[in-house]
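Asker:
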Amino acid sequence: ATDPVYTVSSEVDHARSSLKRRVPEFGSMFSNLHHHPRYTFQLDSADPVPTFIDRRWRGHTEQRREALQQLAGEDCHVTGADRWKYFKRNFPQMFFSLCQSKFNIFPSIPAVPLCCPMVYCLFFHLLRGEFESTGLKKAERQPTHCTVGVQTDYRESESQTDPYSPEYVVRPGTTPSELLRLAALTWGRGLPAGLAEVEMIQRARARRVWEASLPPLDDISQLDKRRRMMEGMEVEVWEFREGEIKKLQEARLAVLKDLVKQRDETQKEITSERLNQIHSKHLKEKEAKLNKIHKDYLRCKTSSNVQ
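First residue of the sequence shown: 1, per the UniProt record's numbering; consecutive thereafter.
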């Protein structure tokens, strides 16, 4: 059985199958300019179609023949290729009533066919104009700006992700709050504060007190004092940094000692297990040899008794 619904080739396909062949140009292969084409047409010498076959397009002749067959009353295939002829778009009666009541279309012609294309076009055209006019009115009434509140999100376990930090503005001429100096600390990276963070806050306070006690730069008589104070503070800072580096080195050394100790213990366990396996193997070999010697002795004793 063959499929009654099929598609035949068109005039474009017939032109594509002619002797012309597209040859791409390497220099302008990806060009879209008219004076730099991507390809050129050339005649293809290899023609697979024999010379006695007519190359003229026969599509119009076949279309004329199909039209004559339809006018002649050819049998329609309702479940086959002609199935599309037995369907139409639904146009409910309420749409027609809406046209008569709202837009006053066909007030004296109640028998207008519902499947008429004119009714479709006119109805949707008027509805589109109505919707556009109402949309413009709503757009004119709607304000251009609106204020929207935002609430923090929660996970399924009802635990908040990160604490909310509101924006702040420091007024000119005022001293910033001490709390703003801790803005670099975030949840999981300094918060909640521990002993190290408390010591850092105390050092920052002492540094601000020391900066406030420095002599002013415009006082030439106290420049030496300012330089000595800054040199002393620099020495203290370097000593503190060296102490921190020493603490880090000691902590790393302790971690390294623990790792070496764990490695030695693991190696001892592996060595002890291997020695136990070797000992068990030798014991099994010893038992096997003793059993063999005992069996040989019994065999020899039995043979001597028989003789």
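Every residue gets a Cβ at the ideal spot worked out from N, C-alpha and C, and that includes glycine.
Is Arg56 helix, strand or coil by DSSP?
Answerer: In the sequence shown, the residue the question calls residue 56 occupies position 56. Looking at Arg56 - three-state DSSP - the assignment turns out to be coil, as it is neither helix nor strand.
Asker: Under 8 Å between the Cβ atoms of Glu25 and Tyr39?
Answerer: Working through the sequence shown from its first residue, we reach residue 25 at position 25. Working through the sequence shown from its first residue, we reach residue 39 at position 39. Cβ distance < 8 Å, so Glu25 and Tyr39 count as in contact.
Asker: Between which two residues does the beta strand (DSSP E) holding Arg21 run?
Answerer: Along the sequence shown, one-based indexing puts residue 21 at 21. That run of the beta strand (DSSP E) goes 20-24.
Asker: Tell me which residue opens and which closes the alpha helix (DSSP H) that Thr302 is part of.
Answerer: Here residue 302 refers to the residue found at position 302 when the sequence shown is read from its first residue. Element bounds for Thr302: 223-306.
Asker: The alpha helix (DSSP H) with Leu195 in it runs from where to where?
Answerer: Here residue 195 refers to the residue found at position 195 when the sequence shown is read from its first residue. Segment 195-212, the alpha helix (DSSP H) holding Leu195.
Asker: Are Ala204 and Arg181 closer than 8 Å when you measure CB to CB?
Answerer: Position 204 of the sequence shown, counting from 1, holds the residue named residue 204. Position 181 of the sequence shown, counting from 1, holds the residue named residue 181. Taking 8 Å as the Cβ cut-off, Ala204 and Arg181 qualify as a contacting pair.
Asker: Between which two residues does the beta strand (DSSP E) holding Phe87 run?
Answerer: In the sequence shown, counting from the first residue as 1, residue 87 sits at position 87. First-last for Phe87: undefined, no H or E at that position.
Asker: Alpha carbon to alpha carbon, how far is Cys146 from Trp187?
Answerer: Numbered from 1 along the sequence shown, position 146 holds the residue referred to as residue 146. Numbered from 1 along the sequence shown, position 187 holds the residue referred to as residue 187. Computed Cα separation, rounded: 32 Å.
Asker: Decide if the stretch 225-237 is in contact with the stretch 207-217; the criterion is three or more beta carbon pairs, one per stretch, under 8 Å apart.
Answerer: As far as the Cβ criterion goes, the stretch 225-237 touches the stretch 207-217, which means the pair count is three or higher.
Asker: Who are the near neighbours of His36 in its chain, counting only those whose CB is closer than 6 Å to its CB and skipping five residues on each side?
Answerer: One-based indexing of the sequence shown puts residue 36 at position 36. If we look at His36 and ignore the five residues flanking it on each side, its Cβ neighbours are Ser28.
Asker: For the beta strand (DSSP E) that Phe41 lies in, which residues bound it at each end?
Answerer: Within the sequence shown, the letter at position 41 stands for residue 41. 39-43 is the span of the beta strand (DSSP E), which, as asked, contains Phe41.
Asker: Could you give the DSSP three-state label for Leu191: helix, strand or coil?
Answerer: Taking the first residue of the sequence shown as 1, we reach residue 191 at position 191. Looking at Leu191 - three-state DSSP - the assignment turns out to be strand.
Asker: Tell me, which residues are paired with residue 369 by DSSP?
Answerer: Missing from the structure shown is residue 369; the chain here goes from 1 to 307 and no further.
Asker: Hey, is Arg22 close to the ligand MN, as in C-beta under 7 Å from one of its heavy atoms?
Answerer: Of the ligands one can find in the structure shown there are none, so the ligand MN has no counterpart to examine.
Asker: When the Cα atoms are used, what is the spatial distance from Glu66 to Phe30?
Answerer: Within the sequence shown, the letter at position 66 stands for residue 66. Within the sequence shown, the letter at position 30 stands for residue 30. The straight-line gap from Cα to Cα measures roughly 43 Å.
Asker: Would you mind working out which of Glu178, Met200, Ala183, Thr175 sits nearest Glu167, comparing C-alpha positions?
Answerer: Your numbering for residue 167 matches position 167 in the sequence shown. Residue Ala183 is the option with its Cα nearest to Glu167.
Asker: Let me confirm a value: Pro107 is counted as buried when at least 16 other C-beta atoms fall within 10 Å, else exposed. Which label applies?
Answerer: Counted from its first residue, the sequence shown places residue 107 at position 107. The pLDDT assigned to Pro107 is 45, lower than 50, so where the model puts this residue is not dependable; a value taken from the coordinates is nonetheless given after this. Per the 10 Å Cβ criterion, exposed.
Asker: Taking 8 Å as the threshold (C-beta atoms), are Val170 and Pro176 in contact?
Answerer: By one-based count along the sequence shown, residue 176 stands at place 176. By one-based count along the sequence shown, residue 170 stands at place 170. In this structure, Val170 lies closer than 8 Å to Pro176 by Cβ.
Asker: Rounded to whole angstroms, what is the Cα-Cα separation between Val260 and Leu248?
Answerer: Counting from 1 along the sequence shown, the entry for residue 260 is found at position 260. Counting from 1 along the sequence shown, the entry for residue 248 is found at position 248. Cα to Cα, the separation comes out at about 18 Å.
Asker: Could you pull out every residue in the same chain whose Cβ sits closer than 6 Å to the Cβ of Cys76, ignoring the five residues on either side in sequence?
Answerer: Residue mapping note: residue 76 aligns to position 76 of the sequence shown, counting from 1. Excluding residues within five positions, the ones whose Cβ falls inside 6 Å are Asp82.
Asker: Looking only at C-alpha atoms, which of Asp258, Glu234, Gly194 sits nearest to Glu211?
Answerer: Counting from one through the sequence shown, the residue named residue 211 turns up at place 211. Comparing Cα positions, the closest option is Glu234.
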